[in-house]
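This report concerns only the one structure given below.
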Amino acid sequence: MDQVNVGLCGLGTVGTGVVKLLQSHADEIKYKVGSEIQIKKILVNDTKKKRDVIIQPEWLTDNPEELVNNPELDIIIEVMGGIEDTNLLLEKAIRNKKHIVTANKDLMAVHGQKLLRLAKENNCDILYDASVAGGIPIIRSLTEGLASDRIQKIMGIVNGTTNYILTKMTDDELAFEPVLKEAQALGFAEADPTSDVDGLDAARKMTLLANLAFKMEIGLDDVEVSGIRTISQEDITFATSLGYTIKLIGIASIHNGKVEVSVEPTLLPKDHPLALVKNEFNAVYVYGEAVGETMFYGPGAGSMPTATAVVSDLMDVVKNIRLGITGNEYVIPQYEKQLKENDEKYMQYFIRMEVDDEAGTFQNITNVFTNEKVSFQKILQLPSDKEKMAEIVMVTHKISKQQLLNSRENLKGLDVVNEIISCYRVDGED
Numbered sequence: 483m484d485q486v487n488v489g490l491c492g493l494g495t496v497g498t499g500v501v502k503l504l505q506s507h508a509d510e511i512k513y514k515v516g517s518e519i520q521i522k523k524i525l526v527n528d529t530k531k532k533r534d535v536i537i538q539p540e541w542l543t544d545n546p547e548e549l550v551n552n553p554e555l556d557i558i559i560e561v562m563g564g565i566e567d568t569n570l571l572l573e574k575a576i577r578n579k580k581h582i583v584t585a586n587k588d589l590m591a592v593h594g595q596k597l598l599r600l601a602k603e604n605n606c607d608i609l610y611d612a613s614v615a616g617g618i619p620i621i622r623s624l625t626e627g628l629a630s631d632r633i634q635k636i637m638g639i640v641n642g643t644t645n646y647i648l649t650k651m652t653d654d655e656l657a658f659e660p661v662l663k664e665a666q667a668l669g670f671a672e673a674d675p676t677s678d679v680d681g682l683d684a685a686r687k688m689t690l691l692a693n694l695a696f697k698m699e700i701g702l703d704d705v706e707v708s709g710i711r712t713i714s715q716e717d718i719t720f721a722t723s724l725g726y727t728i729k730l731i732g733i734a735s736i737h738n739g740k741v742e743v744s745v746e747p748t749l750l751p752k753d754h755p756l757a758l759v760k761n762e763f764n765a766v767y768v769y770g771e772a773v774g775e776t777m778f779y780g781p782g783a784g785s786m787p788t789a790t791a792v793v794s795d796l797m798d799v800v801k802n803i804r805l806g807i808t809g810n811e812y813v814i815p816q817y818e819k820q821l822k823e824n825d826e827k828y829m830q831y832f833i834r835m836e837v838d839d840e841a842g843t844f845q846n847i848t849n850v851f852t853n854e855k856v857s858f859q860k861i862l863q864l865p866s867d868k869e870k871m872a873e874i875v876m877v878t879h880k881i882s883k884q885q886l887l888n889s890r891e892n893l894k895g896l897d898v899v900n901e902i903i904s905c906y907r908v909d910g911e912d
C-alpha cells in the first residue's frame, strides 16, 4: 500500500492538531509505517468557517455519509465527541470495513466493548489510546509494554481540570468557585464543568483502564464516583496541617479476583509522587506483580499532546493493515466480573466533624468507633468559630468501608455531633 486514505470526524482543537501533525511529520510517518497517510475528507459542522490549519476546501463536508460510505477511505479518525450519534456513525463505518481511531473516552466507556466486538467481526481495528490522559501512552502501556505482567492496582490523576482547580486552591489558598471561573477563562474547564468537577470524566477513563488491566468487563455503573465540589479551603488547611495534599484520584485495584474502581477526593502524603503533580498535568501509577511500581506523567489534554496519541494509533492501524493482522484488538474478557463488597474494601479515611465543646463529647464519639473496631492514626481537635462548638479531625488506620458507613450512621445518632463536615479517602501510607 503506497497510500492510506483517512477520513477525519471533527476539526476542533484535537482535529486541528491531527492535521498539523500529519502535515509537519509526513516524511517521518511514511518512513516508519511504509505508506503515505492522506486525509481525504473532514466532517465539520460549518464548511465555510475559517480554520487555523492548511486544508483543501474539497476535503470539508457536513455530511457524515461522505465518510462512512466512502469506498476510498480506509480509516476513520473520530475526535468530535458525543456518544449516541457518534456510536451509530462508527457502527456504520465499521460495517463498511473501515478501521477506527478515536479519542472519545465517553463513547468507549459506554459502548466500547460492543464496538470492539463489532470491529472484530468485521476484521477492523479500533484504537483509542488518546481517550485516556491525552499524551500519556497509558493504554498502549497496559496492552503492550506491561502485557506480560499481572496488574494489581492503577492509581492516578486522570482529569486535568480538577487537578488545576485543586492545585490553585492549595497553593493560593482560594475557594472552589473563583478558581473554577479562572479555569474556565483559561480554557482548562468547560462552560458546563459538571463532567469534570463531579468526577464523571475521570470515572469513564478509569472504566477503560480497569477493563484492560483486569481483563474483565467493568461498566461505568461499577465505579463509585465523588467529585470535588464539596472540598473547602478548611479541608485543605486541615489536610495540610496533617501532612497531606488533596487530589481527585482514580483507583482501580484487584484482590483475590475481586475488583473495586472509584474516583474520589483522596488525601496523599505530601511527598507522594502524585501529590507533586500540579496544574493541568496527569499522572498514572501502575502496580504490577512483576514490574512493581511504574509511573506515567505528562499533559492530559491539549491539541498536540492528544493529537500525538491519535496519530500514533493511526500509525499502528496502518502497520496492521500492511501486515494483514487487523481485527485483533478485542479480546474476550478472561474473567467474569467480580466486585468487592463494602466489607472487602479496606482503606484509611479522613473524617472531619463539628461537635459540642463539652465534657464527655469525645468519649461518646470514641465509643462509636470502638464498637466498630476503628482505630486512629492521627487526631486533631480545634475550637470552632461557633460558640460552644469544636472541630475534630481524625485519620483512621485501614478499615473497611462498611465499618466507616456503620460508624457514620451511629455518629448521626449522637446529640453531641452537630455535623459530619467531610469524609475523604487517604492513600499512600499505613
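Quick note on numbering: the sequence shown equals residues 483 to 912 in our numbering. Ideal placement from N, C-alpha and C gives every residue a C-beta, glycine not left out. Quick caveat, the model's predicted, so the values are computed rather than measured.
Spatial neighbours of Asp607 in its own chain (CB-CB distance under 6 Å, excluding positions within 5 residues in sequence) are listed in chain order as His581, Val799, Asn802, Thr808 and Glu811. Contact between Leu691 and Ile636 is confirmed by a C-beta separation of about 5 Å, below the 8 Å threshold. The beta carbon of Gly701 lies closer than 6 Å to none in the same chain, with the five residues before and after it left out.
With contact defined as three or more Cβ pairs closer than 8 Å, the stretch 600-614 and the stretch 653-661 are not in contact. By the CB criterion at 8 Å, Thr748 and Tyr906 fall inside the cutoff. In the three-state DSSP reduction, Leu572 falls in the helix class (H, G or I). Less than 8 Å divides the Cβ of Val766 from the Cβ of Gly638. Secondary structure at Pro747: strand, using DSSP grouped into helix, strand and coil. In this chain, Val768 is not harboured by any alpha helix (DSSP H); it is covered by the beta strand (DSSP E) spanning Phe763 to Gly770. Using a Cβ distance threshold of 8 Å, Asn641 and Asn761 do not count as a contacting pair. For Glu659, the secondary structure class from DSSP, reduced to helix, strand or coil, is helix. Contact between the stretch 849-859 and the stretch 778-794 is absent: fewer than 3 CB-CB pairs across the two stretches fall below 8 Å. Under the 8 Å Cβ criterion, the stretch 529-546 counts as touching the stretch 495-503, having at least three qualifying pairs. For Val583, the closest C-alpha among the options Met835, Leu796 and Thr643 is that of Leu796. Collapsing the DSSP output to three states places Ser735 in a strand. Per DSSP, the unbroken beta strand (DSSP E) holding Lys522 starts and ends at Glu518 to Leu525. DSSP, reduced to helix, strand and coil, places Asp838 within a strand of the structure shown.
Here the alpha carbons of Ser744 and Ile718 stand approximately 21 Å from one another.
Burial state of Ala601 is buried, judged by a 10 Å Cβ sphere holding 16 or more other Cβ atoms. Apart from the 5 residues on each side of it in sequence, Gln859 sits with its Cβ closer than 6 Å to the Cβ of Val877 and His879 in its chain, given in chain order. Judged by DSSP in its simplified three-state form, Ser723 adopts helix.
Separation of Leu648 and Pro781 (C-alpha to C-alpha, rounded to the nearest whole angstrom) is 16 Å. With fewer than 16 other Cβ atoms inside 10 Å of its own Cβ, Asn738 counts as exposed. Bridge pairing for Gly489: Lys523 and Ile558 [DSSP]. When DSSP assignments are scanned along the stretch 869-899, the uninterrupted stretches of beta strand (DSSP E) that are 3 or more residues long and fall wholly within it turn out to be 871-878. Val813 counts as exposed, since fewer than 16 other C-beta atoms from the protein chains shown sit within 10 angstroms of its C-beta. With fewer than 16 other Cβ atoms inside 10 Å of its own Cβ, Gln816 counts as exposed. Nearest C-alpha to Glu823 among Val875, Glu836 and Leu887: Leu887. As for any alpha helix (DSSP H) of minimum length 4 sitting wholly inside the stretch 603-655, the runs are 642-653, ordered along the chain. Lys819 is positioned such that its CB atom lies closer than 8 Å to that of Met698. Under the Cβ criterion (8 Å, minimum of three pairs), the stretch 824-840 counts as touching the stretch 856-871. Assignment of Gly806 by DSSP, reduced to helix, strand and coil, places it in the coil class.
Minimum Cα-Cα distance from Gln505 among the listed residues Gly494, Lys514 and Glu518 corresponds to Glu518. DSSP places Met777 within a strand segment (E or B) once states are collapsed to three.
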